[in-house]
Structure formats: structure tokens, C-alpha cells
Amino acid sequence: MEIDNAIEEFINFVRIEREYSEHSVTAYAKDLSELSIYAHDEKVPDNIKSLDFFMLRGFITTLYDRQLSKSSIERKISTIKSFFKFLYRRGIIEENPARMLKFPKKEKYLPTVFNIDDIFTLLDLPDKTTPMGMRDALILELLYGTGIRVSELVGLDRSAVDLNGMRILVRGKGKKERIVPLAPELISLIKDYYKVMYDVAADNRIVDSDALIINRLGTRMTDRTVRRVVEAYLKKAGLPLDYSPHSFRHTFATHLLEGGADLRSIQELLGHESLATTQKYTHSDLSSLLKVYDESHPMAKKDKQ
Numbered sequence: 247m248e249i250d251n252a253i254e255e256f257i258n259f260v261r262i263e264r265e266y267s268e269h270s271v272t273a274y275a276k277d278l279s280e281l282s283i284y285a286h287d288e289k290v291p292d293n294i295k296s297l298d299f300f301m302l303r304g305f306i307t308t309l310y311d312r313q314l315s316k317s318s319i320e321r322k323i324s325t326i327k328s329f330f331k332f333l334y335r336r337g338i339i340e341e342n343p344a345r346m347l348k349f350p351k352k353e354k355y356l357p358t359v360f361n362i363d364d365i366f367t368l369l370d371l372p373d374k375t376t377p378m379g380m381r382d383a384l385i386l387e388l389l390y391g392t393g394i395r396v397s398e399l400v401g402l403d404r405s406a407v408d409l410n411g412m413r414i415l416v417r418g419k420g421k422k423e424r425i426v427p428l429a430p431e432l433i434s435l436i437k438d439y440y441k442v443m444y445d446v447a448a449d450n451r452i453v454d455s456d457a458l459i460i461n462r463l464g465t466r467m468t469d470r471t472v473r474r475v476v477e478a479y480l481k482k483a484g485l486p487l488d489y490s491p492h493s494f495r496h497t498f499a500t501h502l503l504e505g506g507a508d509l510r511s512i513q514e515l516l517g518h519e520s521l522a523t524t525q526k527y528t529h530s531d532l533s534s535l536l537k538v539y540d541e542s543h544p545m546a547k548k549d550k551q
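Start counting the sequence shown at 247; every next residue gets the next number (the numbering used here).
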């Protein structure tokens with residue numbers, strides 16, 4: 247089978263059978279297109295069985311030469327591994343050359359988190375006397391008040407919002423669902439938004455009756471548009487553009503932890519499969535940890551007696 251045909255078969259698999267998001271499908275296609283171009287440039291025969299371990303390792307070496315971030319390289323290796331695992335399971339190849347590929351060591355970093363003053367300054371900026379300002383306020387407050395991802399935010403339907411139960415149904419990665427509670431302030435804001443929602447669309451356009459967050463065209467907002475909205479308010483607040491919509495998610499988790507929530511509860515609210523992932527989002531400085539230990543651990547209390 248030709249290389250590009252094998253790639254196309256895999257892309258159809260993740261799009262149709264696995265029902266991956268269009269964002270994920272596009273990323274897979276881009277990564278594998280780079281691999282195909284590399285194979286062509288190296289004059290590798292146009293047959294998927296020609297892609298052996300040494301050729302794949304050569305391609306990964308070029309990623310390091312381009313000085314891509316370790317997270318980008320890790321994603322591309324993951325794509326290659328998934329691709330060849332699919333080919334092997336379908337019987338298209340007899341051996342899996344990607345099986346022994348190594349991931350780079352992960353970069354350790356602390357996520358960007360708003361302090362209390364900055365986050366509330368940001369939340370106060372939208373002009374709630376206008377329909378567009380009301381929508382922008384809802385975007386910012388949902389990001390901070392629920393910790394949902396941008397992709398989850400734009401995917402919210404009005405039917406997912408339970409005003410009486412004070413909660414929303416969030417569909418996360420892999421179509422997994424979780425319930426996230428809504429604070430009274432968010433409930434009130436959503437009710438006010440519903441009153442002016444149809445005025446967000448310009449020129450009497452037909453509004454998507456399912457989407458919760460809409461644009462001027464009356465259709466569901468995109469991830470990119472939400473990022474632009476957030477960036478505009480960051481500039482207006484004079485805050486660094488290092489912050490992003492995902493910073494609201496980091497801040498949500500960190501502020502919950504500082505308020506006394508346990509990691510398992512935060513893990514459920516964020517929709518993480520692994521507690522280790524949650525720990526990355528909910529970093530605390532050493533002084534905070536020592537204070538918690540000093541106030542909570544029996545041995546620490548014993549020393550004070």
C-alpha cells in the first residue's frame with residue numbers, strides 16, 4: 247500500500263470510527279503528512295512497508311534539529327505510534343517499526359495562573375449592558391467558574407445547562423461526559439444572557455438554537471474566536487499575553503485547591519483520567535504546602551502540644 251493511501255485510511259479511521267474531534271484529526275493528518283514528505287525527500291520507496299525503525303528515527307531526529315518543543319515532538323511520536331499500531335492491527339504491515347520509538351523526557355513547568363485581583367479585574371471588564379458584552383462576560387466566567395476547556399465551552403448546548411439543578415453537562419475528550427456545578431452568580435448571568443442572546447447575531451440572522459455561545463453570524467463560536475475574545479480583554483486589562491483561555495482552567499483548579507478542595511474532587515471537575523495530570527494543574531508553592539502540613543497533619547500538631 248502506498249504511504250499516502252495508508253495515511254488516508256488511518257485518518258478516516260480516527261474521524262469516522264473513533265469519532266475524534268476535527269482538531270485532533272487535523273493534527274494527526276499534519277503530523278503524518280510531514281512524515282510522508284520526509285520519506286519522499288529521502289527517496290524511500292512509496293510503500294508503507296518501506297518505513298522502518300531507522301527511517302522513523304531519522305525523521306524524529308529532524309524534529310529535534312528544528313528545535314521543536316518536547317511536547318510537540320512527543321505528540322508527533324504519539325501520532326506515529328498510533329498510525330503504525332493501526333496498520334499492524336489491520337494486517338497491512340507484518341511488524342510494527344514504531345514500537346520501539348522513545349518519547350522525549352517531559353518538560354517540567356508551572357502553568358500560568360491568575361491571582362485573585364487580576365481574575366476579578368478581568369471578569370468585570372465586559373460591558374453587560376450590551377448583548378455582546380453579556381456574551382463575553384459569560385465566556386470569561388464559564389472558563390473561570392467551571393474550569394472547562396475552550397473546546398468544551400464552544401461545544402456546549404443550551405440543553406446541557408440545568409438552571410434548576412445549578413449544573414452543566416460537559417462533553418470532554420473522547421466524548422466522555424461529566425457534571426460540573428454552577429455558582430449562583432453564573433446561573434444569574436446565564437439567565438440574563440438568554441434574554442439578549444438572539445441580539446448577539448447581527449442583521450436579524452437565524453440563530454443556532456442549540457449552541458449556547460454564538461457569534462455575530464448566529465452560529466456556534468470557534469475555539470479561535472474565543473481565544474481572540476480572551477486576548478482582547480487581557481490587553482484591555484493590561485495583563486500579559488502569556489495568559490490564555492487555558493490559564494482560566496489552571497486558575498480554577500489552583501483556587502479550588504487553595505480553598506481546601508481535595509485533588510480527587512478537582513480531578514473529576516476537570517475531567518482528568520489521571521490524578522498525575524491534575525497535580526500538574528494544581529501546583530502549590532512550598533510555603534503553602536508547609537502551612538497545610540503544619541495545620542493539618544497529626545504529627546505537626548503533636549509537636550505543638
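Don't be surprised by glycine CBs; every beta carbon is placed ideally from N, CA and C.
Apart from the five residues just before and just after residue i, which ones in its own chain have a Cβ nearer than 6 angstroms to its Cβ?
i	result
arginine 465	In the sequence on display, residue 465 carries threonine and not arginine. Around threonine 465: Asp454.
lysine 327	Ala344
arginine 552	The shown model of the chain, from 247 to 551, leaves out residue 552, and the question about it has no answer.
Residue i lies in the beta strand (DSSP E); which residues open and close that run?
i	result
isoleucine 425	423 to 427
isoleucine 414	413 to 417
Give the DSSP bridge partners of residue i, in chain order.
i	result
alanine 478	None, per the DSSP bridge assignment.
isoleucine 460	Arg466
valine 407	Ile414
Where does the unbroken alpha helix (DSSP H) through residue i begin, and where does it stop?
i	result
alanine 275	268 to 287
glutamine 513	509 to 516
tyrosine 440	430 to 442
alanine 252	249 to 258
leucine 399	396 to 400
aspartate 311	299 to 311
leucine 502	491 to 504
What is the C-beta distance between residue i and residue j, in whole angstroms, given that I count them as a contact (C-beta under 8 angstroms)?
i	j	result
glycine 393	arginine 495	5 angstroms
glutamate 477	leucine 487	6 angstroms
isoleucine 459	leucine 368	Not really, about 17 angstroms apart at Cβ, beyond 8 angstroms.
valine 472	proline 377	No, valine 472 and proline 377 are not in contact; Cβ-Cβ is about 17 angstroms, not under 8 angstroms.
phenylalanine 222	serine 493	Residue numbering for the chain in the displayed model covers 247 to 551; residue 222 lies beyond these limits and cannot be assessed.
alanine 252	isoleucine 294	4 angstroms
isoleucine 425	arginine 413	5 angstroms
methionine 380	aspartate 438	6 angstroms
tyrosine 390	threonine 497	6 angstroms
proline 350	lysine 322	That pair is no contact at about 10 angstroms.
phenylalanine 366	phenylalanine 256	About 46 angstroms separates the two Cβ atoms, so there is no contact after all.
glutamate 248	aspartate 292	5 angstroms
Quick one: residues in its chain with C-beta nearer than 7 angstroms to the C-beta of residue i, no 5 flanking neighbours on either side, listed in chain order?
i	result
arginine 470	none
serine 296	Val290
phenylalanine 305	Leu281 and Tyr284
leucine 435	Ala383, Leu384 and Glu387
phenylalanine 259	Phe332
proline 491	Leu389, Val396, Val472, Arg473 and Val476
isoleucine 338	Met247, Ala252 and Ile294
aspartate 250	Ser282
Who are the Cβ neighbours of residue i in its own chain at under 8 angstroms, not counting the five residues just before and after it?
i	result
aspartate 531	Reliability fails at aspartate 531, whose pLDDT of 44 lies under 50, so the model's placement of it is uncertain and the value that follows must be treated cautiously. Result list for aspartate 531: empty, nothing under 8 angstroms.
methionine 346	Phe299
### Query
Which runs of the alpha helix (DSSP H), 4 residues or longer, sit entirely within the region 315 to 384?
Counting only runs of 4 or more, we get 316 to 335 and 362 to 369.
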